[in-house]
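The listed protein sequences correspond, in order, to chains A and B.
For the first sequence, this note's numbering assigns the number 21 to the initial residue and increments by one for each residue that follows.
For the second sequence, this note's numbering assigns the number 20 to the initial residue and increments by one for each residue that follows.
Working notes, structure below.
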Amino acid sequence: GAVVSQHPSRVICKSGTSVKIECRSLDFQATTMFWYRQFPKQSLMLMATSNEGSKATYEQGVEKDKFLINHASLTLSTLTVTSAHPEDSSFYICSARVPGHYEQYFGPGTRLTVT
Amino acid sequence: DQQVKQNSPSLSVQEGRISILNCDYTNSMFDYFLWYKKYPAEGPTFLISISSIKDKNEDGRFTVFLNKSAKHLSLHIVPSQPGDSAVYFCAAGSSGSARQLTFGSGTQLTVLP
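Right under this line is the structure:
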């Protein structure tokens, strides 16, 4: 149980375009999902907390207008990187938390490359 | 300000021996601790967790120890296997922060055959 999928696994886009990444909890309903970013050989950096039916909570330094998060259902959260630039190239990982628990279950990640 | 620290970026252990991964934290509000394992280009996989009301939790080859007075936790893997080679992250959360997790920087474990 506790499977989280993420799509796409890899995407290459041109500078200035937007990219949408989907995160789905497959076998449980997740009222809260999280979006992380990982730079090479670094830890997971929490970008935002996504709550179903309400606005996402962004961490300090994360531009909410650039990284749009939508959590329209209990099993789906999306992250849209708008007007992507090369510095947005990174590994983006989502996670979903089982309600009432601390454990987060992670998706396989999305490698974004902006050319 | 790193609230969760993994001071050893790497660790090499011989197959069959014990692997001990360490983690220190500074925030006394943390009341739940977790260990995750991560392979390159994949998402982290949950391994084991421990509540602050306990000092030990065991699951198969994995045991997590918590020393609250020292603000230190460790993950023991016995016996270590080559498939255990991965980056291990410790994470901590508190009920007061909507149960968000703060991650350490990770330790690359290499188990040598």
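By construction, the Cβ of each residue, glycine as well, lies at the ideal position given by its N, Cα and C atoms.
Does the beta carbon of residue i come closer than 7 angstroms to any beta carbon on chain A?
i, result
"B/T112", "Correcting the residue identity first, residue 112 of chain B is Gly in this sequence and not Thr. It does; some Cβ of chain A falls within 7 angstroms."
"B/Y51", "yes"
"B/R80", "no"
"B/R118", "yes"
Among the options, whose alpha-carbon lies nearest the alpha-carbon of residue i?
i, options, result
"B/F122", "A/M65, A/A116, A/E83", "A/M65"
"A/G38", "A/H121, A/T102, A/P128, A/Y56", "It should be noted that the sequence gives Ser, not Gly, for residue 38 of chain A. Measuring from the Cα of A/S38, the nearest candidate turns out to be A/T102."
"A/G81", "A/A68, A/E72, A/T100, A/Q58", "A/A68"
"A/S45", "A/H27, A/S109, A/R57, A/T133", "A/H27"
Do residue i and residue j have their CB atoms nearer than 7 angstroms?
i, j, result
"B/S31", "B/L53", "no"
"B/G62", "A/F111", "no"
"A/Y78", "B/Y51", "no"
"B/S113", "B/Q25", "no"
"B/V97", "B/I37", "yes"
"B/Q127", "B/V106", "yes"
Just to confirm my understanding: we take residue i, look at its own chain, exclude 5 residues before and 5 after, and list those with CB closer than 7 angstroms. What are they?
i, result
"B/K87", "S71"
"A/M53", "C43, S70, H91, S97, C114, S115, A116"
"A/T51", "N71, E72, L94, P119"
"A/P128", "Q26, S29"
For residue i, which residues of its own chain have a beta-carbon under 8 angstroms away from its beta-carbon, when the five flanking residues on both sides are left out?
i, result
"B/Q33", "S99, V130, L131"
Does the beta carbon of residue i come closer than 7 angstroms to any beta carbon on chain B?
i, result
"A/G36", "no"
"A/I41", "no"
"A/I32", "no"
"A/I89", "no"
Measure from the C-beta of residue i to each C-beta in chain C and report whether the shortest distance is under 7 angstroms.
i, result
"B/S124", "Looking at the structure shown, chain C is missing, and the protein chains on hand are A and B."
- Message: Along the stretch 62-76 of chain B, where does the CB come closer than 8 angstroms to a CB of chain A? Name the residues.
- Response: When CB distances to chain A are screened at a threshold of 8 angstroms, the residues of the stretch 62-76 of chain B falling below it are G62, P63, T64, F65, S68, in chain order.
- Task: Give, in chain order, every residue of the stretch 64-75 of chain A whose Cβ lies closer than 7 angstroms to some Cβ of chain B.
- Result: So the list reads L64, L66, T69, given in the order they occur along the chain.
- Message: Beta carbons nearer than 8 angstroms to chain B: which residues of the stretch 123-134 of chain A have them?
- Response: Listed by position, the residues of the stretch 123-134 of chain A near chain B (Cβ gap below 8 angstroms) are E123, Q124, Y125, F126, G127, P128, G129, R131.
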